[in-house]
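One structure is given below, encoded as structure tokens.
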Amino acid sequence: MAQSSCNNGGTDQVLVEERTNVRTFILNRPNQLNALSYQMLSQLLELLHASETNSKVKIIILKGNGRAFCAGGDVTSIVHNIRQKG
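Under UniProt numbering, residues 1 to 86 are what the sequence shown spells out, in order.
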């Protein structure tokens with residue numbers, strides 16, 4: 001099983017495992033209980049769109065690294081982005 005990451009700078013927030021026609025996307029922010037940040041959502045959308053156009057991909061599995069699947073949206077990340085944009 002091949003494993004790669006989707007990283008647009010910083011840590012690998014979404015890991016990818018590829019096995020024949022199965023793609024597993026792993027949310028990788030265990031210290032934040034895999035709360036969805038803007039960067040993570042962008043990466044997931046990119047991966048989902050790429051999988052949608054790949055005829056070899058038949059199954060997509062989404063799971064979380066650590067003790068939680070996903071705690072929801074990362075409000076701290078959203079507020080930080082709003083403050084940066086002014």
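Backbone N, C-alpha and C fix where the C-beta goes; we use that ideal spot for every residue, glycine too.
field: Bounding residues of the alpha helix (DSSP H) (the contiguous stretch that carries R83)
entry: Numbered from its first residue, the sequence shown carries residue 83 at position 83. Here the alpha helix (DSSP H) through R83 covers 75-85.
Selection from I61, D74, N28, N65 that minimises the alpha carbon distance to R19: As a first step, residue 19 must be located in the sequence shown, where it is residue number 19. Residue I61 is the option with its Cα nearest to R19.
message: Check for me: the beta strand (DSSP E) holding L45 runs from which residue to which?
response: For the purposes of this step, residue 45 is taken as residue 45 along the sequence shown, with counting starting at 1. Note, L45: premise wrong, no beta strand (DSSP E); alpha helix (DSSP H) at 38-52.
- prompt: Residues bridged to G64 by DSSP?
  reply: Along the sequence shown, read from residue 1 onward, the residue named residue 64 stands at position 64. BP columns for G64 point to L27.
- prompt: With distances taken between CB atoms, is the gap from L41 to V16 smaller than 8 Å?
  reply: Numbered from its first residue, the sequence shown carries residue 41 at position 41. Numbered from its first residue, the sequence shown carries residue 16 at position 16. Cβ distance not < 8 Å, so L41 and V16 don't count as in contact.
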